[in-house]
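Everything below concerns the one structure shown next.
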Amino acid sequence: MKPFQVGEFEVWSVIEREGPLRPPAVMFPTSDPGRARELLLEMPSTVWSPSTGVLFNTYQSFVLRSPRQTIVIDTCVGDNKARPPHFNYPKKTWLDGFTCGQVRLEQVDLVINTHLHVDHCGWNTRLVDGRWVPTFPSARYFMGKVEYNFWREQTARGWELPGRIWTDSALPLVTSGCADLVEMDARITPEITLVPAPGHTPGHYCIQLQSKGESAMFVGDLMHHPIQCWEPGWSSCFCVAPEEAAITRRRIFERVADTGTIIVPEHFPYPTAGRISRRGSAYAWDFI
Ligand SMILES: [Zn+2]
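Heads up: the sequence shown is residues 3 to 290, going by the numbering used here.
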């Protein structure tokens, strides 16, 4: 991501994976192929491949640093975890991203997960001597109570992959006492407030940062590609409740459009952050 400043906070990202991933018809099952093509032809080749038609997605964590605090939002897929083969790409780049001099793992004060999908909570923990321990040893972790309980129930029902994720990346933090399970509209610090955004998952929220009159919103998986600003009704193939996700997307877009708020979606490729404006009955996206 292209780094930016919000009031007292420097914001940058640590990338785990980037590049082409899925075609629009797979990513957005209700999308119209002709409409998708028409919209993509107006977009830069950093967000899709004109030769193959495949969309580009990045997996990244966001680091927010003020003179008083260092905060990490979402923690990608993580390492040494029993995951499907396509998640088994090299993870060293992510660790190197933290150790390249800007911040050390032990300097992180807060970690916030927008939701508990595989690509958002993996580096919450890492494997040391056969045990899952916090990757950020000094941090307080914040996870949504609704989200945590939803995946706990799925785990109890025998859902295999969600069960593994919850068991190795969420449960150990609660058990060891370094996590808080919070409401979806909780205020985490004077500058950080959660904004409920259910649909992608039941407990999914966005994270609003406000400092010195400036604001940014980290929207997690509210959207996966800029194309959804023009077509907010297209939900991803990963949304637990696609129709609710679409309603939530419109509600959040309506709240932030034309306000100057910097929007930071988890999976948008470089430069990642941008702003939303109204465009007739839909919206448009401009990278910062
Ligand atoms: Zn995601």
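Beta carbons: idealized from backbone N, C-alpha and C, even for Gly.
| Can you find a heavy atom of ligand 1 that lies under 6 Å from the Cβ of residue 206? | no
| field | First through last residue of the alpha helix (DSSP H) which encompasses residue 70 | value | No alpha helix (DSSP H) holds residue 70; DSSP gives it neither H nor E.
| task | Could you spell out where the beta strand (DSSP E) holding residue 104 opens and where it closes? | result | Note, residue 104: premise wrong, no beta strand (DSSP E); not H, not E.
| request: Going by DSSP, name the residue or residues bridged to residue 277. | output: 288
| request: Using three-state DSSP, classify residue 146 as helix, strand or coil. | output: Here residue 146 sits in strand by DSSP.
| For residue 202, is the beta carbon positioned less than 6 Å from some heavy atom of ligand 1? | no
| query | Cβ of residue 119 within 6 Å of any heavy atom in ligand 1? | reply | yes
| task | Just tell me which of 155, 285, 287 and 273 has its CA closest to the CA of residue 6. | result | 273
| Over what stretch of residues does the alpha helix (DSSP H) that includes residue 27 continue unbroken? | 26-29
| Could you give the distance in angstroms between the alpha-carbon of residue 23 and the alpha-carbon of residue 3? | The C-alpha of residue 23 lies about 18 Å from the C-alpha of residue 3.
| How about residue 207 and residue 121: do their beta carbons lie closer than 7 Å? | no
| field | Where residue 124 falls, given that 16 or more other Cβ within 10 Å makes a residue buried | value | Result: buried.
| task | Please find out if some non-hydrogen atom of ligand 1 comes closer than 6 Å to the beta-carbon of residue 81. | result | no
| query | Would residue 12 pass as a contact of residue 67 if the rule is Cβ separation under 7 Å? | reply | yes
| Of the listed residues 290, 115, 262 and 29, nearest to residue 216 (C-alpha basis) | 262
| said: Can you find the residues in the same chain that come closer than 8 Å, C-beta to C-beta, to residue 2, ignoring five residues on each side of it along the sequence? | reply: Since the first residue of the chain shown is 3 and the last is 290, residue 2 is not available in this structure.
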